[in-house]
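Residue numbers (my numbering): 9 to 555. Reading through the structure tokens given below for one structure.
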DNA sequence: CTAGGGTTAG
């Protein structure tokens, strides 16, 4: 029996009595109408007491019509539905991110249905705790699992190690790991992951080297662990190592990690190599992998390829990540107009922007000097998308107004925003003060911040930059001296870029690397060239915008 | 019927 069910099969009154055939039929239903028809036949024939059939129907509706699934479950003629059906329902609630409902169902399992949870129940709910990073809940479940005798079952064991590790309680996770008699790849990987998330990559690496068997998930956990703490070279080294030694094909998730490392390093050649590798081995290009490719190309300075990956993406897969990555890439390459156009295209294609998208598109507006457009987009956040602007968005607004020379308006935003301005908002305002020669305003702001103990290194550096722009060297020295005396430090900026396959790293103020003279000369040349082009007339872009 | 890994931010 293969293929879609025929009308005859669906209507067949006697067929339902045989549970196995019912299961096969359920498996072949593709529409809600078909499934409901089978469901009513099962109800009439009494086969609905088969929990496997019920479970399959539940799972089908949980994915397509959740409220119908809930209804179906509520009206099931219990006690025919065994623990299995409850587990299925709990799992589908967890899948739908309705964790609270899943836990409440767990509670009524004993009270209403007089059913005891089993190893499956615990495994699903421990997973839910891990998603919520809720260690209290995990402890409660742990106790109950012990009480009911499910503690030492493999999935429960691994679920416990995983949840404690994710919640950062590595002592508990490791203790369970040590006591565990099963210790499979999953137990090891859960622990490695926990240490990575805490930033303890050395411990994670030791475990990784020590574990008896590694699969691609274990490799990925370690690769991503390195990326998370910024050890991108180590991440790529491990990624290459995996190809060379393990004989495993990396999964899309692992490739995302490696591409991430390339993005952070600016390692275009390595990124290209990975892209080619993906093509060659026909690794499936899923949504996330495509977004990671777009991001990698954009961050490595190759917007054309970023665009190419985007356009080749099936339309239905172009999600908010793909759009936002590209919008950000375009904005960062001076293609502000294209970034805004893409944002509009996103809207017209019905892809809903999120808070990150707004940061990217607003910054595109501010670099283009498109004040009105930026203000309109900012307004649409709340009005159209019901996204409450965060400090970061107010920061973008300050930048938008400040760059355009509307200092008073920018200052007003800083003063009236509903939360404490973050360093970006303050930095944007101070930067605007520098560009537009508003020395007094800048000075007063920093003084006010220092008074309220809200000053940090970056703010003082910006103030000294303001003085420097105005050639007030005495004040520059004073600010710097004040910073020294008060022990204020700014974290030095750093960046990296790949040239001919080798990655070079730079730290502000460090002149020890090779060809520093050449770089400084080139920069001076670029600066001179830009200045020779003359200033862009104020308001020029705004007119182009409305015209 | 089950578990561990992944994407966008000035």
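Glycine is no exception: its CB is placed at the ideal position from the N, C-alpha and C atoms.
The alpha-carbon of residue 135 is positioned some 22 Å away from that of residue 90.
The C-alpha of residue 214 lies about 53 Å from the C-alpha of residue 412. Straight-line spacing of the CA atoms in residue 398 and residue 444 works out to 26 Å.
Apart from the 5 residues on each side of it in sequence, residue 207 sits with its Cβ closer than 7 Å to the Cβ of 237 in its chain, given in chain order.
For residue 417, the enclosing alpha helix (DSSP H) covers residues 415-424. Scanning its chain for C-beta atoms nearer than 6 Å, with the 5 sequence neighbours on each side dropped, one finds around residue 170 the residues 138, 198, in chain order.
Two segments are said to touch when three or more pairs of C-beta atoms, one from each, lie closer than 8 Å; by this definition the region 522-531 does not touch the region 288-297.
Looking from the CA of residue 447, the closest CA among 436, 431, 474, 430 belongs to 474. For residue 290, same chain residues with a beta-carbon under 6 Å away, outside a window of 5 residues either side, do not exist.
Residue 172 and residue 92 have their alpha carbons spaced roughly 26 Å apart.
In this structure, residue 231 places its C-beta atom within 8 Å of the C-beta atom of residue 265.
Shown here, residue 65 sits in a helix according to DSSP, grouped into three states. For residue 510, the secondary structure class from DSSP, reduced to helix, strand or coil, is strand. Following the DSSP letters along the chain, one finds residue 389 inside the alpha helix (DSSP H) bounded by residues 379-391. Between the alpha carbons of residue 539 and residue 468 lies a distance of about 27 Å. For residue 227, the enclosing alpha helix (DSSP H) starts and ends at 224-236.
Secondary structure note for residue 449: its alpha helix (DSSP H) is the uninterrupted segment 447-459. Taking C-beta atoms under 8 Å as the contact rule, residue 361 and residue 328 qualify, at a distance of about 6 Å. The beta-carbon separation of residue 348 and residue 400, rounded to 19 Å, does not stay under the 8 Å limit for a contact. By the CB criterion at 8 Å, residue 103 and residue 70 fall inside the cutoff. Its Cα nearest to that of residue 340, the residue 308 stands out among 420, 308, 322. Residue 95 places its beta carbon 8 Å or farther from that of residue 60. Assigned with DSSP and collapsed to three states, residue 505 falls in strand. In terms of Cβ geometry, residue 374 and residue 382 form a close pair [threshold 8 Å].
Collapsing the DSSP output to three states places residue 73 in coil. The beta carbon of residue 194 lies closer than 6 Å to those of 166 in the same chain, with the five residues before and after it left out.
Taking 8 Å as the cut-off, the beta carbon of residue 409 is found closer than this to the beta carbon of residue 417. Going by beta carbons, residue 228 and residue 261 fall inside the 8 Å limit. Taking every protein chain shown into account, the CB of residue 365 has 16 or more other CB atoms within 10 angstroms, so this residue is buried.
Counting every other CB atom within 10 Å of its CB across the protein chains shown gives residue 79 a total below 16, marking it as exposed. Distance from the CA of residue 287 to the CA of residue 245, rounded to the nearest whole angstrom, comes to 21 Å. Ranking 254, 210, 220 by CA distance to the CA of residue 242 puts 210 first.
For the pair residue 192 and residue 98, the Cα-to-Cα distance works out to about 26 Å.
Shown here, residue 292 sits in coil according to DSSP, grouped into three states, outside any helix or strand.
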